[in-house]
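Inspection log for the structure reproduced underneath, given as structure tokens.
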Amino acid sequence: MQRLFLIVFLCLLWSCASEGQSHTSQNQTQQAQKENKEEGPEKDYTISEADKQQAAGNYLVPSPGEILSALNKLDRVDWTQLASFNQNANYENKYARSLNLGVRVADAFVAINAEDAESFGEMSTIIFDLGQKLGIGRVISEKRADLDELAGRGAWSDMRAELDNVQTEIQSEVEALGESDLVVLASLGGWLEGLRVVSGHLKDNYSEDNSELLNQGGLIGYYAGQLDGLGSDATTNRLVSAVRDGLESIQSALPEGEAAKVSQESVQEVNDVSSALISLIEKG
Amino acid sequence: MNSFFKHILIGLTTVMIIGLCMIPQNGYATLDEAKRAASKIYYQLMSLGFNVRDSYSTGTLDDGESTTFSRTFYSGNDYAMVVGGCSYARDIDVYIYDRYWNLIDKDTDTDQVAVATFTAWYTGTYYIKIRMYDATSDGVHWALQYAYR
Chain H
16 MQRLFLIVFL CLLWSCASEG QSHTSQNQTQ QAQKENKEEG PEKDYTISEA
66 DKQQAAGNYL VPSPGEILSA LNKLDRVDWT QLASFNQNAN YENKYARSLN
116 LGVRVADAFV AINAEDAESF GEMSTIIFDL GQKLGIGRVI SEKRADLDEL
166 AGRGAWSDMR AELDNVQTEI QSEVEALGES DLVVLASLGG WLEGLRVVSG
216 HLKDNYSEDN SELLNQGGLI GYYAGQLDGL GSDATTNRLV SAVRDGLESI
266 QSALPEGEAA KVSQESVQEV NDVSSALISL IEKG
Chain A
-8 MNSFFKHILI GLTTVMIIGL CMIPQNGYAT LDEAKRAASK IYYQLMSLGF
42 NVRDSYSTGT LDDGESTTFS RTFYSGNDYA MVVGGCSYAR DIDVYIYDRY
92 WNLIDKDTDT DQVAVATFTA WYTGTYYIKI RMYDATSDGV HWALQYAYR
């Protein structure tokens, strides 16, 4: 009986040893492949049709702070004249609150660029109020304390980074509540206000080169697709529906193809449409 | 219990434990690892004046696999795209292409973190490709973080 056990045990040991050997050999093969990759010809950067198709469906959304930062580099801008800093926080439904939350975050970026502590404080209060009504007040409250501390020190550059993070935090908290439609609307509100502010500056200070900042056909297409994919309660909402139509108008005001020059008339039209939409959003 | 069966039971249990230890455990290589890898250069970018976003785009890739995104960048801004992989990632790369799919920047170092930096010279669509060039397993976590100034 003991001999039988010995045979079984030896078989098991042999099996383990073979497995180990096979792994060693596999590791050696992987190592060889790795070395080939490192020492071989330069890596392949070519793009396939599948890559292109995948990219068309995978869109990453920029922060409203980015377009304002770009404008700040291209031109001298009187930021204080560009934002309305609307202080209304009373809206009847979550769609209006979300769109307005995005708009106020963009206005807080404008206040930072203007180094206007008072307007920043006002926007911070409205962002907090809207966040509370959307059920994410606690998170925003913590971030607000950090922002207020930075504002007190006049650390404008750090505030820009912190506000970017507040926006991210808002989006992930709203998402965590299972309200992904509201994330789209808050993002869209911020983008629209950024577009209104930039086109507002460009219409009075037109330059063909700088007006290129409005060439955002890809992003407009992305937002239009996102709005079309919202739940039926959202798509039938009066305000959301008006914003969806407004995106069409902005798209048609811009020249076809992202590389085309944006005329002064186009800048004016984009500003007219985006101003009307922001006015509608702020009214609720 | 008969001593023969007792020995067999002990032998089989030992072999099963050894076998389980040899199965690759992807659960230990996490998304948090990938995020930590990406955030390794957070302070370096901050010290260079970049606004580093706290948000991540995330996913998993098999060894040799890639994923591609579109994104609008704004003319005049500097951008840094940072991709981190979990501990199963041995070599992760990131490539940036312009609207005509010309390669404009790349990170092809052989490590767990890839960084591509560039100045957007036009406003519009650019493309970002993340490639898991070499990994010890499939389903490897990656996290993309971006910064601008």
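Protein sequence lines correspond, in order, to chains H and A. Sequential numbering from 16 applies to the first sequence in the working numbering. Sequential numbering from -8 applies to the second sequence in the working numbering. Where is the CB? At the ideal position from N, CA and C, for every residue including glycine.
| query | result |
| --- | --- |
| If we cut at 8 Å on Cβ distances, does ARG44(A) have a partner in chain D? | Included in the structure are the protein chains H and A, with no chain D among them. |
| Kindly list, in the order they appear in chain A, the residues whose Cβ is closer than 8 Å to that of ARG211(H). | Neighbours of ARG211(H) on chain A: none; closest Cβ ~16 Å, over 8 Å. |
| Should the segment 80 to 89 of chain H be regarded as contacting the segment 65 to 84 of chain A, the criterion being three or more beta carbon pairs within less than 8 Å? | yes |
| Name the chain H residues whose beta carbon is nearer than 8 Å to that of TRP92(A)? | ILE62, LYS67 |
| Is the beta carbon of GLY246(H) less than 8 Å from the beta carbon of ASP196(H)? | yes |
| For LEU36(A), collect the residues of the same chain with a Cβ closer than 7 Å to its Cβ; drop the 5 residues on either side in sequence, then sort them by chain order. | VAL43, ALA71, ALA138 |
| Contact between the segment 287 to 296 of chain H and the segment 227 to 237 of chain H is defined here as three or more beta-carbon pairs at a separation below 8 Å; is this criterion met? | no |
| In the DSSP assignment, what are the bridge partners of SER113(H)? | Bridge partners of SER113(H): none, in fact. |
| Does PHE100(H) come out as helix, strand or coil in the three-state DSSP assignment? | coil |
| Buried or exposed: SER33(H), going by 16 or more other Cβ atoms within 10 Å of its Cβ? | Any reading at SER33(H) is ruled out, since the residue's pLDDT is 47, under 50, leaving its predicted position unreliable. |
| At what residues does the alpha helix (DSSP H) containing SER61(A) begin and finish? | Segment 57 to 64 is the beta strand (DSSP E) holding SER61(A); no alpha helix (DSSP H) there. |
| Using a C-beta cutoff of 8 Å, does ALA70(H) count as contacting chain A? | yes |
| Can you look up GLN182(H) in the DSSP assignment and give me helix, strand or coil? | helix |
| Use the C-beta contact count for GLU297(H): other C-beta atoms within 10 angstroms, 16 or more gives buried, fewer gives exposed. | buried |
| Just how far apart, CA to CA, sit ASN115(H) and HIS216(H)? | 21 Å |
| Pick helix, strand or coil for LYS97(A), following the three-state DSSP scheme. | strand |
| On the three-pair Cβ rule with 8 Å, is the segment 24 to 39 of chain A touching the segment 64 to 71 of chain H? | no |
| Under 8 Å, with one C-beta from each stretch per pair, do the segment 215 to 230 of chain H and the segment 172 to 181 of chain H reach the 3-pair mark? | no |
| Helix, strand or coil: how does DSSP classify LYS(-3)(A) here? | helix |
| What does a CB cutoff of less than 7 Å around THR95(H) pick up in its chain, not counting 5 residues either side in sequence? | ALA129, ASP131 |
| Check whether the Cβ of GLU194(H) lies closer than 8 Å to any Cβ atom in chain A. | no |
| Buried or exposed: GLU157(H), going by 16 or more other Cβ atoms within 10 Å of its Cβ? | exposed |
| Taking only three categories from DSSP, how would you classify VAL277(H)? | coil |
| Which residue wins for smallest C-alpha separation from SER63(H), given the options THR127(A), LYS120(A), ASP125(A), ARG140(A)? | LYS120(A) |
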